[in-house]
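Let me begin by presenting the structure, written as structure tokens, before commenting on it.
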Amino acid sequence: MIKEGYVKTETHNGITSIEFHHPQSNSLPSKMLEELAQEIHSIAHDDDTRVVVLRSKGEKTFCAGASFDELASIKNKEEGLQFFSGFANVINAMRKCSKPIIGRIHGKTVGGGVGLVAAMDYAIAVEGADIKLSELAIGIGPFVVGPAVERKIGTAAFSYLAIDATSWRNADWAKRKGLYAELHPTLEGMDESVSRLSNTLSHSSLDAIAELKKIFWKGTEHWDTLLLERAAISGKLVLGEFTKTAIQKFKAKSLS
Amino acid sequence: MIKEGYVKTETHNGITSIEFHHPQSNSLPSKMLEELAQEIHSIAHDDDTRVVVLRSKGEKTFCAGASFDELASIKNKEEGLQFFSGFANVINAMRKCSKPIIGRIHGKTVGGGVGLVAAMDYAIAVEGADIKLSELAIGIGPFVVGPAVERKIGTAAFSYLAIDATSWRNADWAKRKGLYAELHPTLEGMDESVSRLSNTLSHSSLDAIAELKKIFWKGTEHWDTLLLERAAISGKLVLGEFTKTAIQKFKAKSLS
Amino acid sequence: MIKEGYVKTETHNGITSIEFHHPQSNSLPSKMLEELAQEIHSIAHDDDTRVVVLRSKGEKTFCAGASFDELASIKNKEEGLQFFSGFANVINAMRKCSKPIIGRIHGKTVGGGVGLVAAMDYAIAVEGADIKLSELAIGIGPFVVGPAVERKIGTAAFSYLAIDATSWRNADWAKRKGLYAELHPTLEGMDESVSRLSNTLSHSSLDAIAELKKIFWKGTEHWDTLLLERAAISGKLVLGEFTKTAIQKFKAKSLS
């Protein structure tokens, strides 16, 4: 159903890999976000899956966030809420999944993508996997992904990212603040670590892991409603003059 | 009204600078704290202000905390509560201000001053801007500023500062713990960054920023009462024998 | 009453040292945990004690966690709950103690031992004092010590330790995440710092310290019940097939 991007799921020896790709720097349109949320829901109840590895395809960017084309086409509050609920649904699926979710972060991540990374249980990254919360630059904010990012890196680091919306924070910063569990100098090092940990977890006690996931995410039970409230904030802001002007500027730039 | 110190406010192109100075190492008597709180309240409703830069004058010290002379003159619980409410009121004004508050931290900060820095949304510091919570050394504690400091650097780092009251933590420690958003090797680097960010924010969406400030400070709604309860703890402890003796020792030392 | 290990308490000049030792790498059987909890309770009401230093004897290991022999002998849920309540009672005694608890961490720490360190108010460690939460490797999890560890190092770092149960995190990681307040290159440096801080605190205001301890541990009032609920989770998991098999493998290994 998705024309240009895909979400691909494969299971081997208890390890399920979910891979996504979109030609526009792995930005995520609503359809792909729906598919991601759906896959994670299914996996939670799949007896063949003991651990999940979330990854993306492509050279430099792990995830560029929400689809800019879709964002530019939002015409009213309902469409705004609908659009920004996309990341909310994926994050909620991840936090409720009883299986551990390992991330393989091979490149830069922006906006909503940082929320995906924050919702992973254990993100393994490579040097160069820098991050940015650029929402404020177009008159919105990281409202939907905020709770997930803040839970991982704390209120201070989250607010620095959100306020300084035009600057990249490098991968080492992201690791020191706790967004990444590990940071490797090479892709090979990262892949060895993803392999080692997913293999170990696939041989661990499912019951113990399910109890661990409960305590890791204890206190986030209200996110089902909170993240939708947050989506409504973004959905309203995106209709303002500031965002319209910012989008026109960006489009003019990319056409010139 | 203030004899020796001043609080000075200037607005240019949407950027409001609040500068304070006191000849005793930028320590803050009650009058100056009142004036600071008042200025921040006014700015929150000033249409010409889109972003605030909080700074102090002088060479080596950003802020030495509460005025020692005033502290030494407290005679009863009411005066104690009144005195320690000074920083509470400034911190509450900062957290409720809908405009982002950038800090320019050009030197050392002690006690209540660390609370001011913690209540900024984005503090930019220079090497040498070391910090200390020295309250315990005179028989009190960082009770009023505690919630702001703990929110920024976490329970662990806050307790280490409070317990080890006679040691400085250097600026790099303060940055790694999250008190500073940025740390620069030179004053020029710090000032360029303050300039860049305040300029960017002055051109950002006011609505988006106001929503961001709400989520940054979500969960602190009870601080209006909490910080006054904390002021009462300090106001009671300061009347004890331990503090009286400590103050006499300090005074004897500074006279000899 | 304890055959192989001991808990020894000594008070000099307001400083009470609690030292424990067990020949099996300072692992802690129930009896020693009871004695530790009892000592901390007594000290809280001892007028001669103004500050506590918690330390262990032996070369390389500060604490290897729960006694493996005892764990292997658990036959039902009641015994499981009883066993895992050991660390819960020590942690609850530490958080309710009105005197500051300094830790001297001279070597590696595993499992429940990491919970002890997390419940200290100020842990001073030496290079090589690496940590591991190995519970998942035997089909259980760091449920009882979780709240104490998470409070100190945050949700992210806690979950990385719990998920990656077979890997050591080095002492520098533990310091950067906030588990250790200080990390020294040498035993001498560590001991000088323990000495300096305990001496300073023994001359500080008891009233101010008691108020500080209250605010440090504010919000943990429910741990009396929470930690026992957590003990019940471990106590149930430990009866499962996964743990039985894991224990047999470990025993076979140590006999070969």
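Residue numbers (my numbering), protein chains in the order written: chain P, 86 to 341; chain D, 86 to 341; chain B, 86 to 341.
Positions of the beta carbon are idealized from the N, C-alpha and C atoms, including for glycine.
It should be emphasised that the depicted structure is a prediction, and the values quoted were computed from it without experimental measurement.
Those residues which DSSP pairs with H97 (chain B) across a bridge: Here residue 97 (chain B) corresponds to residue number 12 of the third sequence, with the count starting at 1. According to DSSP, H97 (chain B) bridges with B:I100.
Going along the chain, which residues of the region 228-244 of chain P sit with their C-beta nearer than 8 Å to a C-beta in chain B? Only those residues of the region 228-244 of chain P whose C-beta falls short of 8 Å from the nearest C-beta of chain B are listed: R236, K237, I238, G239.
Using DSSP bridges, identify the partner residues of T146 (chain D). Counting from 1 along the second sequence, the entry for residue 146 (chain D) is found at position 61. T146 (chain D) is bridged to D:K193.
When you compare only the Cα positions, how much space is there between G200 (chain P) and R254 (chain B)? Stepping through the first sequence from its first residue, residue 200 (chain P) is reached at position 115. Stepping through the third sequence from its first residue, residue 254 (chain B) is reached at position 169. Rounded to whole angstroms, G200 (chain P) to R254 (chain B) spans 26 Å at the Cα level.
For the region 209-230 of chain B, list every residue whose C-beta sits within 9 Å of some C-beta in chain P, in sequence order. E220, L221, A222, I223, G224, I225, G226, P227, F228
Buried or exposed: which applies to N174 (chain B), given that a residue is buried once 16 or more other Cβ atoms fall within 10 Å of its Cβ? By 1-based counting over the third sequence, the position of residue 174 (chain B) is 89. N174 (chain B) should be labelled buried.
Does any CB atom of chain D fall closer than 9 Å to the CB of L272 (chain P)? Working through the first sequence from its first residue, we reach residue 272 (chain P) at position 187. Not flagged as an interface residue toward chain D: L272 (chain P), since no C-beta distance is shorter than 9 Å.
Spatial distance of E89 (chain B) from S112 (chain B) (CA atoms): In the third sequence, the residue the question calls residue 89 (chain B) occupies position 4. In the third sequence, the residue the question calls residue 112 (chain B) occupies position 27. Each residue's alpha carbon lies about 11 Å from the other.
Rounded to whole angstroms, what is the Cα-Cα separation between A316 (chain D) and V136 (chain B)? For the purposes of this step, residue 316 (chain D) is taken as the residue at position 231 of the second sequence. For the purposes of this step, residue 136 (chain B) is taken as the residue at position 51 of the third sequence. So the two alpha carbons sit approximately 25 Å from each other.
At a Cβ threshold of 9 Å, is A250 (chain P) touching chain D? For the purposes of this step, residue 250 (chain P) is taken as residue 165 along the first sequence, with counting starting at 1. Answer yes: the Cβ-Cβ gap between A250 (chain P) and chain D drops below 9 Å somewhere.
Could you check which residue in B:A259, B:W308, B:K298 has the C-alpha nearest to that of G54 (chain B)? Shown here, chain B extends from 86 to 341; a query on residue 54 (chain B) therefore has no answer.
Please confirm whether I300 (chain B) has its beta-carbon closer than 9 Å to some beta-carbon of chain D. Reading the third sequence from its first residue, position 215 is the one you call residue 300 (chain B). So yes, I300 (chain B) belongs to the interface.
Taking 8 Å as the threshold, find out whether the region 160-172 of chain D comes into contact with the region 235-244 of chain D through three or more Cβ pairs. no
Helix, strand or coil, according to DSSP, for F228 (chain D) in the structure here? The residue you call residue 228 (chain D) lines up with position 143 of the second sequence. If DSSP states are grouped into helix, strand and coil, F228 (chain D) belongs with coil.
F327 (chain B) touches chain P at which residues, Cβ-Cβ below 9 Å? On the third sequence, residue 327 (chain B) is found 242 positions in, with the first residue counted as 1. Against F327 (chain B), the close residues of chain P are S289, S290, L291, D292, A293, in the order they occur along the chain (beta-carbon pairs closer than 9 Å).
So, using beta-carbon positions, are S287 (chain D) and L322 (chain P) closer together than 9 Å? For the purposes of this step, residue 287 (chain D) is identified with residue 202 of the second sequence, where counting begins at 1. For the purposes of this step, residue 322 (chain P) is identified with residue 237 of the first sequence, where counting begins at 1. Not in contact: S287 (chain D) and L322 (chain P) (Cβ atoms no closer than 9 Å).
heavy atom of the ligand ADP below 8 Å from F168 (chain P) C-beta: Annotation note on the ligand ADP: not contained in the displayed structure, which lists no ligands.
Proximity of K142 (chain D) and K193 (chain D) at Cβ, strictly below 9 Å: If you number the second sequence from 1, residue 142 (chain D) lands on position 57. If you number the second sequence from 1, residue 193 (chain D) lands on position 108. No, Cβ-Cβ distance for K142 (chain D) and K193 (chain D) is not below 9 Å.
Grouping DSSP H, G and I as helix and E and B as strand, with all else coil, what is S283 (chain B)? Locating residue 283 (chain B) in the third sequence gives position 198, where the first residue counts as 1. S283 (chain B) falls in the helix class under three-state DSSP.
Does the separation of the CB atoms of I264 (chain D) and L218 (chain D) fall below 9 Å? Your numbering for residue 264 (chain D) matches position 179 in the second sequence. Your numbering for residue 218 (chain D) matches position 133 in the second sequence. For the sequence presented, residue 264 (chain D) should be read as Leu rather than Ile. Contact flag unset, no.
In the structure shown, what three-state DSSP assignment does Y245 (chain P) receive? One-based indexing of the first sequence puts residue 245 (chain P) at position 160. Helix at Y245 (chain P).
Taking 9 Å as the CB-CB cut-off, is L286 (chain D) touching chain B? Position 201 of the second sequence, counting from 1, holds the residue named residue 286 (chain D). Chain B places no beta carbon closer than 9 Å to that of L286 (chain D), leaving this residue out of the contacts.
Would you say K262 (chain B) reaches chain P, if we count a Cβ-Cβ gap shorter than 9 Å as a contact? Taking the first residue of the third sequence as 1, we reach residue 262 (chain B) at position 177. Yes, contact with chain P.
Quick check on N98 (chain D): buried or exposed, where buried means 16 or more other Cβ atoms within 10 Å of its Cβ? In the second sequence, the residue the question calls residue 98 (chain D) occupies position 13. The residue in question, N98 (chain D), is exposed, as its Cβ has fewer than 16 Cβ neighbours within 10 Å.
Assuming contact is defined by CB atoms lying nearer than 9 Å, are L324 (chain B) and K162 (chain B) in contact in what I supplied? The residue given as residue 324 (chain B) occupies position 239 in the third sequence. The residue given as residue 162 (chain B) occupies position 77 in the third sequence. Yes, these two residues count as a Cβ contact at 9 Å.
How would you call Y91 (chain B), buried or exposed, if buried means at least 16 neighbouring beta carbons within 10 angstroms? Reading the third sequence from its first residue, position 6 is the one you call residue 91 (chain B). Its Cβ having fewer than 16 others within 10 Å, Y91 (chain B) is exposed.
Identity of the residue in B:Q333, B:M275, B:C148, B:A241 nearest E108 (chain B) by Cα: Sequence index remark: in the third sequence, residue 108 (chain B) carries index 23 (1-based). Position check: residue 108 (chain B) holds Pro in this sequence, whereas Glu was assumed. Closest option to P108 (chain B), judged by alpha-carbon separation, among B:Q333, B:M275, B:C148, B:A241: B:C148.
Assuming I176 (chain D) and A204 (chain D) make a contact with CB atoms under 8 Å, what is their CB distance in whole Å? Along the second sequence, read from residue 1 onward, the residue named residue 176 (chain D) stands at position 91. Along the second sequence, read from residue 1 onward, the residue named residue 204 (chain D) stands at position 119. The beta-carbon distance between I176 (chain D) and A204 (chain D), rounded to whole angstroms, is 5 Å. This is short enough to meet the 8 Å contact definition.
Give me the residue from B:D132, B:I103, B:T134 with the minimum Cα distance to A122 (chain B). Numbered from its first residue, the third sequence carries residue 122 (chain B) at position 37. The shortest Cα separation from A122 (chain B) among B:D132, B:I103, B:T134 belongs to B:I103.
Relative to the C-alpha of K93 (chain P), which candidate in P:L139, P:V195, P:A129 has its C-alpha closest? Translated into the one-based positions of the first sequence, residue 93 (chain P) becomes position 8. Ranking the options by Cα distance to K93 (chain P), first place goes to P:L139.
DSSP state of H126 (chain P) mapped onto helix, strand, coil: Position 41 of the first sequence holds residue 126 (chain P). It is helical.
Residue nearest to R261 (chain D) in terms of C-alpha spacing, selected from P:G196, P:A241, P:I190: Locating residue 261 (chain D) in the second sequence gives position 176, counting from the first residue. Among P:G196, P:A241, P:I190, the Cα nearest to that of R261 (chain D) is on P:A241.
Under the three-state DSSP convention, the category A208 (chain B) falls into: Position 123 of the third sequence, counted from the first residue, corresponds to residue 208 (chain B). In the structure shown, A208 (chain B) sits in a strand (DSSP, three-state: E or B).
Expressed to the nearest angstrom, what Euclidean distance is found between the alpha-carbon atoms of T328 (chain P) and K299 (chain D)? Walking along the first sequence from the start, residue 328 (chain P) turns up at place 243. Walking along the second sequence from the start, residue 299 (chain D) turns up at place 214. Near 20 Å, if we compare the C-alpha coordinates of K299 (chain D) and T328 (chain P).
Out of curiosity, what's the CA-to-CA distance linking A157 (chain D) and G197 (chain D)? By one-based count along the second sequence, residue 157 (chain D) stands at place 72. By one-based count along the second sequence, residue 197 (chain D) stands at place 112. Distance between the alpha carbons of A157 (chain D) and G197 (chain D): 16 Å.
For S280 (chain D) and I100 (chain D), I'd like the C-alpha separation in whole angstroms. Here residue 280 (chain D) is taken as the residue at index 195 of the second sequence, counted from 1. Here residue 100 (chain D) is taken as the residue at index 15 of the second sequence, counted from 1. Looking at the two C-alpha atoms, the distance is approximately 10 Å.
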